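Trainee: One structure follows; several queries about it will come next.
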Amino acid sequence: MEFAETEELWNKILETIKGELSPQAYNSWFSQTKVVKFGENELIISAPGDFCKDWLEKHYTDFIKNILKGALGSDDNLKIEFRTVNQKFSTPSRPAPKKKTKKEDTFFKNTSPLLNPKYTFDDFVVGNSNRFAHAACLAVAQSPAKAYNPLFIYGGVGLGKTHLIQA
């Protein structure tokens, strides 16, 4: 059968399917299908993706066979095969084996600590504006997860928030 005849036949079958199904079902599963080959008791239909291909195979193979039987009087030996659009339509071949590459964790490699070593409690200048914050941070450092948990520091610019958090 010529490809033009095959395509015309598939369009007629699609019209029949469209009349049998809801518009949502037709648009979801059949609107983007194409016939690739029809002949020698074999019908190959291309689907837009793997999920669509699998769904058509599981739910609509017998439905399509019945429509073809009614339209053409074809026999029960007809084989229907679904393929994805990007799948080659020749003999199936094995995919090339994947090369195993060793990934190195370069994120932490060659990094220095993010804390400034100059920010210690010994170097902190205590004043009236930051005395309470200094005492709270010192208590947290001496017994973590017990005093002032969680610790929240709020204040103006230049009062030592970063210094205390890193100490």
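When you line the sequence shown up against UniProt numbering, it's residues 1 to 167, in that order.
C-beta: ideal position from N, C-alpha, C; glycine also.
Bear in mind that the values here come from a model prediction, so they are computed numbers and not experimental data.
Rounded to whole angstroms, what's the CA-CA distance from Ala47 to Asp62? Just pull it up for me.
Mentor: Translated into the one-based positions of the sequence shown, residue 47 becomes position 47. Translated into the one-based positions of the sequence shown, residue 62 becomes position 62. Between Ala47 and Asp62, the C-alpha separation is close to 17 Å.
Trainee: Under 8 Å between the Cβ atoms of residue 227 and Ala71?
Mentor: Nothing can be reported for residue 227: it is not among the residues displayed for the chain, which extend from 1 to 167.
Trainee: If distances are taken between C-alpha atoms only, which option among Leu115, Pro23, Ala145 comes closest to Ser31?
Mentor: The count along the sequence shown starts at 1 and reaches residue 31 at position 31. With distances taken between Cα atoms, Ser31 lies closest to Pro23.
Trainee: Give the single residue among Gly127, Ala4, Ala167, Lys79 whose Cα lies nearest to the Cα of Lys34.
Mentor: One-based indexing of the sequence shown puts residue 34 at position 34. Ranking Gly127, Ala4, Ala167, Lys79 by Cα distance to Lys34 puts Ala4 first.
Trainee: What did DSSP end up calling Pro92 once you bin it into helix, strand or coil?
Mentor: For this step, residue 92 is matched to residue 92 along the sequence shown. Since pLDDT at Pro92 reaches only 48, below the 50 mark, its modelled position is unreliable, and no value is offered.
Trainee: Can you tell me whether DSSP reads Leu72 as helix, strand or coil?
Mentor: Against the sequence shown, residue 72 aligns to sequence position 72. Helix.
Trainee: Who does residue 218 pair with in a DSSP beta bridge?
Mentor: In the structure displayed, the chain extends from 1 to 167; residue 218 sits before or after that span and is not available.
Trainee: Return the first residue and the last residue of the beta strand (DSSP E) that Ile153 is part of.
Mentor: Along the sequence shown, one-based indexing puts residue 153 at 153. Run containing Ile153: none; DSSP gives neither H nor E here.
Trainee: At what residues does the beta strand (DSSP E) containing Thr84 begin and finish?
Mentor: Taking the first residue of the sequence shown as 1, we reach residue 84 at position 84. 79-84 is the span of the beta strand (DSSP E), which, as asked, contains Thr84.
Trainee: Quick check: what's the CA-CA separation for Lys65 versus Ser28?
Mentor: Within the sequence shown, the letter at position 65 stands for residue 65. Within the sequence shown, the letter at position 28 stands for residue 28. Going from the Cα of Lys65 to the Cα of Ser28 covers about 19 Å.
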